[in-house]
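So for the sequence shown, full-length UniProt numbering puts the first residue at 1; every next one is plus one. For every residue, glycine included, the Cβ atom is placed at its ideal position computed from N, Cα and C.
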Amino acid sequence: MSDSSFVIGIDVGGTNTDVAIVQGHKVVGWNKSSTTPNIIDGVIQSIEESLKNTQENGYPNVRNEIARISIGTTHFINAVIKRTGLTKTACIRQCGVSSQALPPFTDFPKDLKEKIDGGSYLLNGGFEFDGRVITEVDEQEIIDVITTIQQNGVEHVAISGIFSPMNDSQERLVKRLIDKHAPELTCTTSCSLGYLGLLERENATILNESLKELCQKTISGFRKTLSDIGLNCPMFFTQNDGTLISEQQTLDFPVFTFSSGATNSMRGAVHLSSLKNAIVVDIGGTSTDVGVLVNGFPREASTRVKVAGVNTNFRMPDVHCIGVGGGSYVVQHNDQTVTVGPRSVEYRLKEEALVFGGKTLVATDIAVASGLVKGIGNESRVSHLSKDLVEQAVNVIQESVERAVDFVKLSKEDYPVVLVGGGSILIDVNKPFKGASKIIKPPFYQVANAVGAALSQVSGTFDKLIEVKEDQNSREMILQQAKDFAINQAVQNGAIRSTCTILDVQEINMTYVALSRKRLIIKAVGDLQETVSVTNTEKDANVGTEKLDRPVFDGKINDSNVSSVITDKDISTRSNNPQSHQQQTLPSPPNIEKDNYQPKVNDQGEWELSGFDVECLALGAGLLGCGGGGSPYLGKLELLRCMEEGYQPKIIHPKSFKDGFACTADYMGAPEVADERLSNKTELSDVLNTLQNLFEMGFNAGQSLNEIKAIATKNNLKIETMFNGKCHTVDYKNGGSCQNLPKSILVAEIGGANALCPLTVAARLGLPVVDCDGMGRAFPEIQHYGPFICGSPAYPAVLCDNHGQCVCCVYAETADDLESFFRDECVKAGCSAAISISCFDGEKIRNEMCQHTLTQAWKIGHVILHARKSHCDVTNAILNECNGVLIAKGKISDLSRQTKDGFTFGRILIEGTELYQGQNIIVEFQNEYLIARKDSTNQGLASKELSNEKLASTPDLISLVESDTGEPIQSSELRYGIRVSVLVLPAPPLMTSSKALEFVGPKAFGYDNVDYEAVGEYKLYESIAKVVE
């Protein structure tokens, strides 16, 4: 921006509309006013007041010299929250045989789904992670679906495809066919919105398309009204990452503006304070947002983001929100203690606060009474407040904000803290502030969000999965090409090339995938050229909004009390949202309010699962996963959907299993692939049918190789020697139906995703699941399975891909050989496959497996949910339930990861807080957390020495949970700054025997100097299922 031109920055919230007029980097006029029911009227009123302010400041002709207007608004996110202004949207998913188990809209809240579900269509197409086509695209099939959508009167289409972020050709083909055969339809392609994680990316695409009509009306309304007052300059909108997008881009991608309010404030803080690395505290009327500036931009969240109850994978700012603001209630209790917030008078501040003649004591009254601010309201109205009350309230407010600042810090060092927002009057800048190297409340702090909107830059991003070769020169060349791409995109978006800089470079490995394949993210930013408009660099991204009729938005919103901020409740990362994974939609579980809830056990002693039981199991399985095993979230969704279709999952007592055999049914592979490709609904039944067919042919566990060869010859099957002669397979590929299914299904590992998928396939087959598992937790490899540790043979075994093609291993020398063989086959199958290994009778189930572990998982999940509901200490509740111990409470301050041989190895440094202040620990993992030890050398992860001060080790269960919510944290979700509690639960006796320790003890994972010591006595639960004679 040239120093002579003027820019208007506008931030429209539900409570206030803020306007700042900026020349160069100087604020020459501003205004803060209440948002009006007709938001456009309020915007115009604020602009006019700001223009008057510029005249008073000696700038008489600003109106005619405005170069651009930049707007930040919560209008579109509020529409999703309020379920207003949304349109029906159809979803076309290109998936071929994959992802059938979880169709579009699966994890939408029911009320939102009813508003926008315009039909789902699962078509041929999709890609594997390595670029292979799942099934070939059928153009006629697409054309037929387009016709159906037209006939149903739906005008908006979301297009998604498996692994489309890596290859967008199929999605682009669908768009071209829509443009050709139904030009009146508009569409959004998922490849233009997000990265891997099919459901989250698809959800974002659906939300985006459902908002387009509202966006069209809103922008048309802004444009017409601004023109009416003589402002015909270009208009831009601020997006989630703190940069600008044009009117057209906003019309195409309204979801990019969802979190613009928080980013505007943080970007404004950069310009007003001249600091590029700091913590920004934005105190509003209802709440306080705290975030970290890194190189002048908000640090982004690295985990799943929930928008109005919908999981998405937007790149959002990592903002921590607390319920303290200028309108927060101040209450003095009977014991004379004082609390501030989280309840607030919200937009009614000028009617309800004491200083304005109201009857409610709020935080603004405290600021006036304490002398922190002058000229607000009538000071005499708070002169009666006691000194003790005022001092306590001031201290409570500051302590709350100090805790929030500490929450977002990445290290123990003090940071500069920049205070912005009208509620900044609540903080005494002259008082020591814990965690702050200095406190800055810059000029124009009241309208920092509008300043941030005015001075936003434009960006370009490279975000792809690429091959990075070992050769350093080749690697540097690839990185430079990607950086050039990001800069060129920023320039195409309107940036001045000479101002473009690389803001961020991230390299992310994928498990199970060759080390050379990485996700590379590079972001470039630059200043906007005032003579050009920001353009959309997606070559096909103009998604047809010009086809929409353009009615002018009248500016009215249904509820004048629209949220002025995007709070934890509405949009957050899991690190600061206690409810981030509790939204239940399929089907609704029993109410947690019923403290006396008891699971249902039928007359046969079978435990019949409810939706609430599934929620409990998923939480418990996540904790028992010890950081690995994959997220139970998708397994939970699939099981709930299975129940919605009328199937009833049942669990039986191990002692009730007497005759016949039971089989395992689970998945192996890369979690990233499973999250993208999803289940095809038949892999597990295919693998079970194939295994049972092998048994019917005569193959069995423990047979000699000669016996196996004879059976193969009898059945006209060719036997092949695989994996250096250690495994043998037969060429039986048919995964079709079997006459004699197993009597029951077994859970291979109770930790993580594999705890729930056996319940789904068992329910569809009409079989129960035995209340036990083979590990008592999650472990990374097949040879860690209890029966194999006890000497049971690991064959026959079957691996099945999403096309129904099976690999049948009829002989393996050891379980370790089978693990290596199946891992190679899993990669060939697309890095995700279903497996079933051998069969077990009742005696082996009761003697070689961990007993009643489904009950254990349920108990853990139930105690977490109950503690959350009762506002009790969740961590203590878990420990009391499981005979566990708490070895650390703190914040992740360092993290290292590497992918090797298909596993993710890593170490994390946790800096102790509260009672553990000064006690740092290191936790090491190989997918699962394996060992925790004190950082005796104080060298952090730089230390190569394995301290003798071991705190816990495998096979005991080391689990990291969010300190506030008890939400289990997978090793793949670890990131800097997360506050965690490190729990250790005793391992089951089956896994602590001298024989078992050879496979799952610390020495088995390379910790030769570590001896296993049990952390406590294992608690064996009584199974919820009953034994019925």
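Note to self: Which residues does DSSP list as the beta-bridge partners of Gln94?
What the structure shows: The count along the sequence shown starts at 1 and reaches residue 94 at position 94. Answer is Leu123, Gly161, bridged to Gln94.
Notebook entry, point to check: Given that a residue counts as buried once 16 or more other Cβ atoms are within 10 Å of its Cβ, and exposed if not, what is Met1014?
Noted result: Within the sequence shown, residue 1014 is the residue found at index 1014, counting from 1. Looking at the sequence provided, one finds Ala at residue 1014 rather than Met. Classification for Ala1014: exposed.
Item checked: Residue span of the beta strand (DSSP E) that contains His728, given as start and end -> Locating residue 728 in the sequence shown gives position 728, counting from the first residue. Counting along the chain, the beta strand (DSSP E) containing His728 begins and ends at 727-730.
Check: Between Ala541 and Ser192, what straight-line distance do the alpha-carbon atoms span, to the nearest angstrom?
Finding: The count along the sequence shown starts at 1 and reaches residue 541 at position 541. The count along the sequence shown starts at 1 and reaches residue 192 at position 192. For Ala541, the pLDDT reaches just 33, beneath the cut-off of 50, and the residue's location in the model is therefore unreliable, leaving the point undetermined.
Check: Could you give the distance in angstroms between the alpha-carbon of Val458 and the alpha-carbon of Leu244?
Finding: Looking up residue 458 in the sequence shown gives position 458. Looking up residue 244 in the sequence shown gives position 244. Cα to Cα, Val458 sits roughly 5 angstroms from Leu244.
Notebook entry, point to check: Skipping 5 residues on each side, what residues in its chain have a beta carbon closer than 7 angstroms to that of Gln582?
Noted result: Locating residue 582 in the sequence shown gives position 582, counting from the first residue. Annotation note: pLDDT 31 at Gln582 (below 50); position unreliable, coordinate value reported separately. None.
Margin query: So, at 7 angstroms on beta carbons, what are the nonlocal neighbours of Asp817 in its own chain, with the 5 sequence-adjacent residues on each side left out?
Written below: Locating residue 817 in the sequence shown gives position 817, counting from the first residue. Excluding sequence neighbours, Asp817 sits near Phe723, Lys726, Cys727.
Margin query: Taking its Cβ as the centre, do 16 or more other Cβ atoms sit within 10 Å of His653, making it buried, or is it exposed?
Written below: Along the sequence shown, one-based indexing puts residue 653 at 653. The residue in question, His653, is buried, as its Cβ has 16 or more Cβ neighbours within 10 Å.
Item checked: Within 9 angstroms, strictly: CB atoms of Val270 and Val417 -> As a first step, residue 270 is located in the sequence shown; it is residue number 270 there, counting from the start. As a first step, residue 417 is located in the sequence shown; it is residue number 417 there, counting from the start. Their beta carbons are not under 9 angstroms apart, which means Val270 does not touch Val417 by this criterion.
Check: Which first and last residues belong to the beta strand (DSSP E) in which Cys626 is found?
Finding: Position 626 of the sequence shown holds residue 626. Here Cys626 belongs to no beta strand (DSSP E), and DSSP marks it neither H nor E.
Note to self: With distance defined between alpha-carbon atoms, name the residue in Leu389, Ile47, Pro165 nearest to Asn334.
What the structure shows: Stepping through the sequence shown from its first residue, residue 334 is reached at position 334. The shortest Cα separation from Asn334 among Leu389, Ile47, Pro165 belongs to Leu389.
Next item on the list: Go ahead and pull the three-state DSSP assignment for Gly9.
Entry: Within the sequence shown, residue 9 is the residue found at index 9, counting from 1. Residue state, collapsed to three classes: strand.
Next item on the list: Express the C-alpha separation of Ser656 and Glu1029 in angstroms, rounding to a whole number.
Entry: The count along the sequence shown starts at 1 and reaches residue 1029 at position 1029. The count along the sequence shown starts at 1 and reaches residue 656 at position 656. Rounded to the nearest angstrom, the two C-alpha atoms are 8 angstroms apart.
Margin query: Tell me which residues share the same chain as Thr875 and place their Cβ nearer than 8 angstroms to its Cβ, disregarding the 5 neighbours each side in the sequence.
Written below: Stepping through the sequence shown from its first residue, residue 875 is reached at position 875. Closer than 8 angstroms at the Cβ level, and outside the excluded window around Thr875, lie Leu886, Lys889, Val961, Ser963, Gly966, Ser981, Leu983.
Next item on the list: Please confirm if the stretch 246-254 is in contact with the stretch 83-91, defined as three or more CB-CB distances below 8 angstroms between the two stretches.
Entry: no
Checklist line | Sub-9 angstroms separation of Thr760 and Ala101 beta-carbons | finding: Position 760 of the sequence shown, counted from the first residue, corresponds to residue 760. Position 101 of the sequence shown, counted from the first residue, corresponds to residue 101. Contact flag set, yes.
Note to self: Distance check for Gly291 and Asn264, CA to CA, integer angstroms please.
What the structure shows: Along the sequence shown, read from residue 1 onward, the residue named residue 264 stands at position 264. Along the sequence shown, read from residue 1 onward, the residue named residue 291 stands at position 291. About 12 angstroms.
Next item on the list: Identify whether Val529 lies in helix, strand or coil by the three-state DSSP scheme.
Entry: Counting from one through the sequence shown, the residue named residue 529 turns up at place 529. For clarity, residue 529 is Gln in the given sequence; the question names Val instead. Three-state result, Gln529: coil.
Item checked: DSSP state of Leu214 mapped onto helix, strand, coil -> Within the sequence shown, the letter at position 214 stands for residue 214. Reduced to three states, the DSSP call for Leu214 is helix.
Next item on the list: Note the first and the last residue of the continuous beta strand (DSSP E) segment covering Ser328.
Entry: As a first step, residue 328 is located in the sequence shown; it is residue number 328 there, counting from the start. 328-332 is the span of the beta strand (DSSP E), which, as asked, contains Ser328.
Check: Helix, strand or coil: which one does DSSP assign to Asp771?
Finding: Working through the sequence shown from its first residue, we reach residue 771 at position 771. Asp771: strand per DSSP, three-state reduction.
Check: Residues in its own chain within less than 8 angstroms of Thr904 by CB, not counting five upstream and five downstream?
Finding: As a first step, residue 904 must be located in the sequence shown, where it is residue number 904. The answer, listed in chain order, is Asn509, Thr511, Arg897, Gln898, Phe925, Gln926, Asn927, Ser971, Ser972.
Note to self: Going by DSSP in three states, Gln583 sits in which element: helix, strand or coil?
What the structure shows: Your numbering for residue 583 matches position 583 in the sequence shown. Note on Gln583: pLDDT 31, under 50, position unreliable in the model; no value is reported.
Note to self: Assuming Ser70 is part of the alpha helix (DSSP H), what are its boundary residues?
What the structure shows: Position 70 of the sequence shown, counted from the first residue, corresponds to residue 70. Ser70 -> not in any alpha helix (DSSP H); beta strand (DSSP E) instead, spanning 66-73.
Checklist line | Residue interval of the alpha helix (DSSP H) (run including Tyr633) | finding: Here the question's residue 633 lines up with position 633 in the sequence shown. Unbroken alpha helix (DSSP H) run through Tyr633: 632-644.
Item checked: Arg166 versus Pro104, Ile206, Tyr195, residue with shortest Cα-Cα distance -> As a working note, residue 166 is residue 166 in the sequence shown. Here residue 166 turns out to be Met, not Arg, going by the sequence shown. Considering only alpha carbons, the answer is Tyr195.
Note to self: Helix, strand or coil for Met477? Go by DSSP, reduced to three states.
What the structure shows: In the sequence shown, residue 477 corresponds to position 477, counting from 1. Reduced to three states, the DSSP call for Met477 is helix.
Next item on the list: State whether the stretch 6-25 contacts the stretch 37-47, with contact taken as three or more CB pairs (one from each stretch) at a distance under 8 angstroms.
Entry: yes
Margin query: Could you tell me the alpha carbon to alpha carbon distance between Val447 and Asp484, rounded to whole angstroms?
Written below: By 1-based counting over the sequence shown, the position of residue 447 is 447. By 1-based counting over the sequence shown, the position of residue 484 is 484. Computed Cα separation, rounded: 36 angstroms.
Note to self: Let me check understanding here. Comparing Cα to Cα, which of His25, Val338, Ala665, Asn240 lies closest to Leu361?
What the structure shows: Numbered from its first residue, the sequence shown carries residue 361 at position 361. When each option's Cα is compared against that of Leu361, the closest is Val338.
Next item on the list: Less than 8 angstroms between the CB atoms is what I'm expecting for Ile835 and Ala797, so what's the real figure, rounded?
Entry: In the sequence shown, the residue the question calls residue 835 occupies position 835. In the sequence shown, the residue the question calls residue 797 occupies position 797. Indeed, because the Cβ distance is near 7 angstroms, the residues count as touching under 8 angstroms.
Notebook entry, point to check: Thinking C-alpha only, which one of Asp956, Phe1005, Lys1019, Ala812 is nearest Thr992?
Noted result: Locating residue 992 in the sequence shown gives position 992, where the first residue counts as 1. The candidate whose alpha carbon is nearest that of Thr992 is Asp956.
Next item on the list: Have a look at Gly126, Ser274, Asn64, Gly268 and flag the residue whose alpha-carbon is nearest the alpha-carbon of Leu231.
Entry: Indexing the sequence shown from 1 puts residue 231 at position 231. Leu231 has its Cα closest to that of Asn64, out of Gly126, Ser274, Asn64, Gly268.
Next item on the list: Along the alpha helix (DSSP H) that carries Thr721, what are the first and last residues, could you check?
Entry: Residue 721 sits at position 721 when you count from the first residue of the sequence shown. Thr721 -> not in any alpha helix (DSSP H); beta strand (DSSP E) instead, spanning 719-722.
Check: Leu810 and Phe661 look like a contact to me (Cβ under 8 angstroms); what is the Cβ gap, rounded to whole Å?
Finding: Within the sequence shown, the letter at position 810 stands for residue 810. Within the sequence shown, the letter at position 661 stands for residue 661. It should be noted that the sequence gives Val, not Leu, for residue 810. Rounded, the Cβ-Cβ distance is 16 angstroms, inconsistent with contact.
Margin query: Quick check on the DSSP output: the alpha helix (DSSP H) that includes Pro758 runs from which residue to which?
Written below: Position 758 of the sequence shown holds residue 758. Note, Pro758: alpha helix (DSSP H), 757-765.
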